[in-house]
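Chains as they are written, first to last, in this note's numbering: chain A, 4 to 543; chain B, 7 to 382.
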Amino acid sequence: MSAVVAEHDHHDHEHEHHGPEKGILRWIITTNHKDIGTLYLLFALVMFFVGGTMALVIRAELFEPGLQFVDPNFFNSMTTMHALVMVFGAVMPAFVGLANWQIPMMIGAPDMALPRMNNMSFWMLVAGVLLIASTLFMEGGAPAAGWTFYPPLVMQTGKAFPFAIFAVHLLGVSSIMGAINIIATIFNMRAPGMTLMKMPLFVWTWLITAFLLIAIMPVFAGAVTMLLTDRFFNTSFFNAAGGGDPVLYQHIFWFFGHPEVYVMILPTFGVASTIIPVFARKPLFGYSSMVYATAAIAFLSFIVWAHHMYSVGLPIAGELYFMYATMLIAIPTGVKVFNWTATMWKGSMTFETPMLFSIAFVVLFTMGGFTGLMMSVAPVDFQYHDTYFIVAHFHYTLVPASIFILMAAGYFWLPKWTGHMYNERIGKLHFWLSVVSVNILFFPQHFLGLAGMPRRIPDYAVQFADWNMVSSIGAFMYGFSQLLFVYIVIDTIKGGTGEKVTDEVWEDASKHGLEWTLPSPPPYHTFTTPPEIIPTEHVG
Amino acid sequence: MKKTKQLLVCLVLMSLGLGSAHADYKLNLMQGVTQLSHELYGLHMLVLWICVFIGIAVFGTMFYSIYHHRKSKGHVAEQFHENTTVEIIWTIIPTLILVGMAVPATKAVIDLDKVQDTEMTIKVTGKQWYWDYEYLDNGVHFESHLDEASEKTHRISTADPRTVANYLLEVDRPLVVPVKKKIRLLFTAADVIHSWWVPDLGWKKDANPGFVNEAWTSVDKPGIYRGQCTELCGRDHGFMPIVVIAMEQAQYDAWVKATLDKQNQPPDLSDEPRAVLMSKGASVYLKNCVACHQIDGKGISGWYPALSGSVKVTGNMDQLIGFIQAGTSKMPAFRKLPDNELAELITYLRNAPELGNNVGDEIQPNAITPKYDDDE
Chain A
4 MSAVVAEHDH HDHEHEHHGP EKGILRWIIT TNHKDIGTLY LLFALVMFFV GGTMALVIRA
64 ELFEPGLQFV DPNFFNSMTT MHALVMVFGA VMPAFVGLAN WQIPMMIGAP DMALPRMNNM
124 SFWMLVAGVL LIASTLFMEG GAPAAGWTFY PPLVMQTGKA FPFAIFAVHL LGVSSIMGAI
184 NIIATIFNMR APGMTLMKMP LFVWTWLITA FLLIAIMPVF AGAVTMLLTD RFFNTSFFNA
244 AGGGDPVLYQ HIFWFFGHPE VYVMILPTFG VASTIIPVFA RKPLFGYSSM VYATAAIAFL
304 SFIVWAHHMY SVGLPIAGEL YFMYATMLIA IPTGVKVFNW TATMWKGSMT FETPMLFSIA
364 FVVLFTMGGF TGLMMSVAPV DFQYHDTYFI VAHFHYTLVP ASIFILMAAG YFWLPKWTGH
424 MYNERIGKLH FWLSVVSVNI LFFPQHFLGL AGMPRRIPDY AVQFADWNMV SSIGAFMYGF
484 SQLLFVYIVI DTIKGGTGEK VTDEVWEDAS KHGLEWTLPS PPPYHTFTTP PEIIPTEHVG
Chain B
7 MKKTKQLLVC LVLMSLGLGS AHADYKLNLM QGVTQLSHEL YGLHMLVLWI CVFIGIAVFG
67 TMFYSIYHHR KSKGHVAEQF HENTTVEIIW TIIPTLILVG MAVPATKAVI DLDKVQDTEM
127 TIKVTGKQWY WDYEYLDNGV HFESHLDEAS EKTHRISTAD PRTVANYLLE VDRPLVVPVK
187 KKIRLLFTAA DVIHSWWVPD LGWKKDANPG FVNEAWTSVD KPGIYRGQCT ELCGRDHGFM
247 PIVVIAMEQA QYDAWVKATL DKQNQPPDLS DEPRAVLMSK GASVYLKNCV ACHQIDGKGI
307 SGWYPALSGS VKVTGNMDQL IGFIQAGTSK MPAFRKLPDN ELAELITYLR NAPELGNNVG
367 DEIQPNAITP KYDDDE
């Protein structure tokens, strides 16, 4: 990273009343960024398995042609809920958890700027996710219209309809509060000398992500509120019979939806840019171009939404504009991939588990980017759209990208957070099982989509049977191998290998970030006096 | 470790399969049978090869570095971290590649949009969960449902789909079109959004309720081309396939004449033996009722009421006729059923053992009198 610290503060001034509450109350009323980060991360891990179980229900039903296990409506509920739980319950909270733990330590701040709101946004997230999960037990079942909630279909939802919408409101408020907190922290609480262009890239990507969140969550809330009034108050925003337009909803939704997927990928870029330099023993290549590329991607995300809607009947000028704008995304994304490669080039690499996951991320995310480039070409998207090809595409950009990087972040920072070293052999086993099975799971879905299998169907023509079976086998392998990660987290918290880790944990890590200058584990309160930032020779 | 390597080799081979120009139908996009589908296939292969080429270059560099620049080989890290020249190079080169892609892509978008000078027009209406085809030039108009064999098989969990020909890709009445004729298709929907996709034609188009979309095609050679609905449209989204049969003009003309003759014939209302009423009634039920009320007549709790033992079904017959013809706020009105089909259906509903009903009566087509009057 771009800055090192001369010395960290002394901890002898930390009196007992600064310590955590005792017992369960500590976790409920905590305003400590580390505690809240832990809550977010554990909640996300639980939700990862809840959403994963739903995915396995889907893959079990698709293992063979014919309907074996579930009713088609429940199948549709599973695809809907799997997406909602993974997006709003697993990936987003996991990154907020990382932000809570890392941003104050990375910028030399004692805590988040708004600690009480921090607590509130976590518990509203829990309320929102529990509310949406409760719809599974309501008359008429959970929402089954896809996570996109397209009308008029979503109007056919049973009793769950208003509950799902209120849950979306809660999740939105929670995200906005989290985003405000992150922006306030980064703008106000950096240690002296920590200028914006010296911030670690993880902080940068989260700063940009937070602005995205504040811009888009109200749009989503507005869209679902219009659904609510259409159903209960006789408005006709999306009802053609009353002068509305169902396609209007899609425009509003994707104006939220496209930046939303970048909310899940930009912090991923940040973590990768943090981990790769440490294990290449080299500074990140092209720091400032990474910052500009992230900002460019964030900007582009607002002007490309209708590429999710090429076949909806756009005018030709719209098709062309959205095609050109979407193609542009490849340029800053390419810059990022080239920079990561250049960071590895002529380094002195070692391949601990976090690095393995990060390298797999660069390769597999790039493959997801390639299929994204293919789909940006509007005319060919008339073939790809709503098939398994796109299912393969966005899972490549989410599972071996966001999820892999979350795993990498876990391995990378767990020793810092707990003071214990994880078991490297089991970590590597987890990595190899994951990287092999995730490709068995998702790669064949490219073939299925190109061969003509639509997405969101519970049963399929016999010609699609072979690759579906392969994909399902991969799904179960991937799902069960993630239990190794749970084992490692618990084992590391309890003491891990027993090896006492140093403050740096990884060789020369303190060159790369302030958090490595703190003890492992860091005390409950850190940087109560700001550290002194000394610019290194790497700073551009 | 050996297993892992074998699997990796498998994956590499699979990915090579994707890139091969003469790829199997199961691995790659189909070339299709229209000028548009060929153009899009060419575009698809162009972009795919560009991706493969960039992938080899980037991953090749990365893996070279991973192999050679490792600490265990004693490589000492260099500390360079910036180079404006290379940043500019790897911004400009991708931009040029994108411009190269955008040129043929723009042409294809324009070609897809050429819905002028068509020689005939077919209106396609998506409904939960079947398609309705109306030939605007000659008046041919019919519904196209999933065929009976697939319908029964997917509703009975013990049935084996592999024994059914074209499982889930067969319909009772396919869309018939002449070859080498520029056809305009109009798309709309009656309830929710559907999407009409036949991969061999090269595109899909959404059918939005209350709005009309258009697209065009001209099929090069006779054949049977299959597709499916591609926009999630509810419970039976996976069960509303599309079949297009393209034939020579002469054959097509004969088909139109035969179809129109049949369509304009009044329904045969002569009496039928009970067994015929029951078996034909089962077909009417499979086509019109099974999606909601299910194959066992039990409906779905919280969604669709059961027919088994329902007083509405087994009670007063006149009221039942009126109910089916008028529909409810949730159930469509089935005034479209001719009297003979209605008589068959009602006899079946009241007596079918698989629905759990056994009233022991029947009704003949000519006994049906309109129980529901339009105000016309």
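A virtual CB, placed ideally from N, CA and C, is assigned to each residue, including glycine.
Here the structure is a predicted model, which means the values were calculated and not measured.
In this structure, how does DSSP classify W203/B when only helix, strand and coil are distinguished? In this structure, W203/B counts as strand in the three-state DSSP scheme.
Compare the C-beta of Y31/B with all C-beta atoms of chain A and state if any pair is closer than 8 Å. Because Y31/B sits at a pLDDT of 48, beneath the cut-off of 50, its placement in the model cannot be relied upon, and the point is left open.
For P533/A and A194/A, the rounded distance between their alpha carbons: Their backbone Cα atoms lie some 5 Å apart in a straight line.
Contacting residues, own chain, Cβ-Cβ under 6 Å from R232/B (five flanking each side not counted): If we look at R232/B and ignore the five residues flanking it on each side, its Cβ neighbours are L175, V249.
Output needed in chain order: residues of the region 253 to 271 of chain A with a Cβ under 8 Å from some Cβ in chain D. The chain inventory of the structure shown lacks chain D, comprising the protein chains A and B.
Suppose you measure from the CA of G455/A to the CA of Y527/A; what does that come to, to the nearest Å? Their backbone Cα atoms lie some 55 Å apart in a straight line.
Report yes or no: is there a C-beta of chain A within less than 8 Å of the C-beta of F59/B? So, not an interface residue.
Residues in the region 64 to 83 of chain B with C-beta within 8 Å of chain A's C-beta atoms, listed in sequence order? For the region 64 to 83 of chain B, the set of residues with a beta-carbon nearer than 8 Å to any beta-carbon of chain A comprises V64, F65, T67, M68, S71, I72, H75, R76, K77, S78, H81, V82, A83, in chain order.
Check each candidate in W343/A, T336/A, T353/A, W509/A and name the one with the smallest Cα separation from G371/A. Residue nearest to G371/A within the set W343/A, T336/A, T353/A, W509/A is T336/A (criterion: CA-CA distance).
Who are the Cβ neighbours of H28/B in its own chain at under 6 Å, not counting the five residues just before and after it? Residue placement at H28/B is flagged as unreliable, the pLDDT there being 39, under the threshold of 50; a coordinate-derived value is accordingly withheld.
Short check: CB of I39/A to CB of I110/A, under 8 Å? No.
Compute the distance between the beta-carbons of I255/A and A226/A, then report whether it is under 8 Å. Less than 8 Å divides the Cβ of I255/A from the Cβ of A226/A.
Excluding sequence positions up to five away, which residues of its chain have a Cβ less than 7 Å from the Cβ of I135/A? Correct list, in chain order: L87, A167, A170.
Three-way DSSP call (helix, strand, coil) for I62/B in this model: If DSSP states are grouped into helix, strand and coil, I62/B belongs with the helices.
Close beta carbons around R459/A, own chain, < 6 Å, minus the five adjacent residues each side: The residues are T82.
Identity of the residue in I493/A, Y463/A, A182/A nearest T159/B by Cα: Among I493/A, Y463/A, A182/A, the Cα nearest to that of T159/B belongs to Y463/A.
CB-CB under 8 Å to I306/B, same chain, minus the five flanking residues each way: which ones, in chain order? Taken in chain order, the residues that qualify are C298, Q300.
Tell me W416/A's beta-bridge partners as DSSP assigns them. When DSSP reads this structure, W416/A sits in no beta bridge, so it has no partner.
Quick one: residues in its chain with C-beta nearer than 6 Å to the C-beta of G132/B, no 5 flanking neighbours on either side, listed in chain order? Short of 6 Å from the beta carbon of G132/B, and not among the five residues preceding or following it, lie these beta carbons of its own chain, in chain order: A195, H200, A213.
What does N214/B pair with, by DSSP beta-bridge criteria? For N214/B, no pairing in a beta bridge is given by DSSP.
Same chain only: Cβ atoms within 6 Å of A50/B, ignoring 5 sequence neighbours per side: Here the sequence assigns His to residue 50/B, which means Ala is not the residue at that position. Closer than 6 Å at Cβ, skipping near neighbours: L35.
Pull up the CB-CB distance for S314/A and K211/B, whole angstroms please, since I reckon it's below 8 Å. Contact between S314/A and K211/B holds: CB atoms are separated by about 6 Å, below the 8 Å threshold.
Determine whether the Cβ of T101/B lies closer than 8 Å to any Cβ atom of chain A. The Cβ of T101/B sits closer than 8 Å to at least one Cβ of chain A.
Can you list, in chain order, the residues of the region 125 to 154 of chain B whose Cβ is nearer than 8 Å to any Cβ on chain A? Taken residue by residue, none of the region 125 to 154 of chain B has a beta-carbon sitting less than 8 Å from a beta-carbon on chain A.
Considering only residues of the same chain and omitting the five flanking positions on each side of P118/A, which have a CB-CB separation below 6 Å? Contacts found: T34.
What residues in its chain sit with their C-beta under 6 Å from that of L348/B, if we drop five residues either side in the sequence? Excluding positions up to five away in sequence, the list reads I374.
So, E84/B versus G289/A, is the Cβ gap smaller than 8 Å? Taking 8 Å as the Cβ cut-off, E84/B and G289/A do not qualify as a contacting pair.
Three-pair Cβ contact test at 8 Å for the region 160 to 173 of chain B versus the region 216 to 226 of chain B: Using a Cβ-Cβ distance cut-off of 8 Å, the region 160 to 173 of chain B and the region 216 to 226 of chain B are not in contact, since fewer than three pairs of beta carbons, one from each stretch, lie closer than that value.
Identified DSSP bridge partners for F148/B: For F148/B, which the question treats as bridged, DSSP gives the partners Y139/B.
Count the CB pairs spanning the region 329 to 345 of chain A and the region 374 to 382 of chain A that are closer than 8 Å, and state whether there are at least three. Taking 8 Å as the limit for Cβ pairs, the verdict is that the region 374 to 382 of chain A does touch the region 329 to 345 of chain A.
Residue range of the alpha helix (DSSP H) that L231/A falls in? Start and end: 204 to 235.
Could you tell me whether the Cβ atoms of P525/A and M108/A are closer together than 8 Å? By the CB criterion at 8 Å, P525/A and M108/A fall inside the cutoff.
Excluding sequence positions up to five away, which residues of its chain have a Cβ less than 7 Å from the Cβ of T138/A? Around T138/A: A145, P146, A163, F166, A167.
Got a sec, what are the start and stop residues for the beta strand (DSSP E) G55/A sits in? Counted as a single uninterrupted DSSP element, the stretch harbouring G55/A is not any beta strand (DSSP E) but the alpha helix (DSSP H) occupying residues 36 to 64.
Of the choices L351/B, S335/B, I330/B, G145/B, whose alpha-carbon is the least far from that of R341/B? For the options L351/B, S335/B, I330/B, G145/B, the alpha carbon positioned closest to that of R341/B is the one of I330/B.
Which complete alpha helix (DSSP H) runs does the region 96 to 155 of chain A hold, if anything under 4 residues is left out? Whole alpha helix (DSSP H) segments, 4+ residues: 118 to 137.
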